[in-house]
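Numbering (the working numbering), first residue to last: 3 to 169.
Using N, Cα and C, we set each Cβ at its ideal position, and we do this for glycine too.
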């Protein structure tokens, strides 16, 4: 009976606290990436809408390709989600390991999010240029994908780093 009372009044274990902190780190990875995606798609979509307005005002066809530009920064949210799942699989039996996961989650989320913001700005410029000329779609996509590569590198290198602690 004494054991039950002791168990009922015990404070949460360090393992539970570590797990909560690791899950918070996982959420930081996707949340910060999603903030960047929202910001980037907002910039690109605003530019697409303005470009379509110009096309309609000039009785020109409104290019569908602007939707592609507007949606490009969304992929960074997927990279944040992949990082989130990788971090959620953390082995929290090592004391203090949550700090490593928190730093990785926050910094990778920020880097991926900033990539999405700048990609959105480039997509906004591409919307303006393509709607005016109807040319250069492939070149514009290549440049936009270069910015995307930064987010892919961050995700890949973070996953390599995370896997080194899984051993």
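CB-CB length for residue i against residue j, believed under 8 Å
i	j	result
residue 24	residue 94	6 Å
residue 50	residue 76	Wrong, their Cβ atoms sit about 14 Å apart, outside the cutoff.
residue 26	residue 118	With a Cβ gap of about 21 Å, residue 26 and residue 118 do not count as contacting.
Sub-9 Å separation of residue i and residue j beta-carbons
i	j	result
residue 99	residue 159	no
residue 153	residue 113	yes
residue 2	residue 36	No answer is possible for residue 2: it lies beyond the span of the chain, which begins at 3 and ends at 169.
residue 103	residue 84	no
residue 43	residue 122	yes
residue 71	residue 155	no
residue 57	residue 125	no
residue 134	residue 53	yes
residue 65	residue 138	no
residue 91	residue 34	no
residue 80	residue 120	no
residue 101	residue 28	no
Residue i, DSSP secondary structure in three states
i	result
residue 95	coil
residue 163	helix
residue 62	coil
residue 21	helix
residue 138	coil
Segment limits, alpha helix (DSSP H) that includes residue i
i	result
residue 76	From DSSP, residue 76 is part of no alpha helix (DSSP H); its letter is neither H nor E.
Near the ligand GDP: residue i beta-carbon under 8 Å from a heavy atom
i	result
residue 22	Among the ligands in the structure shown, none appear at all, so the ligand GDP cannot be discussed.
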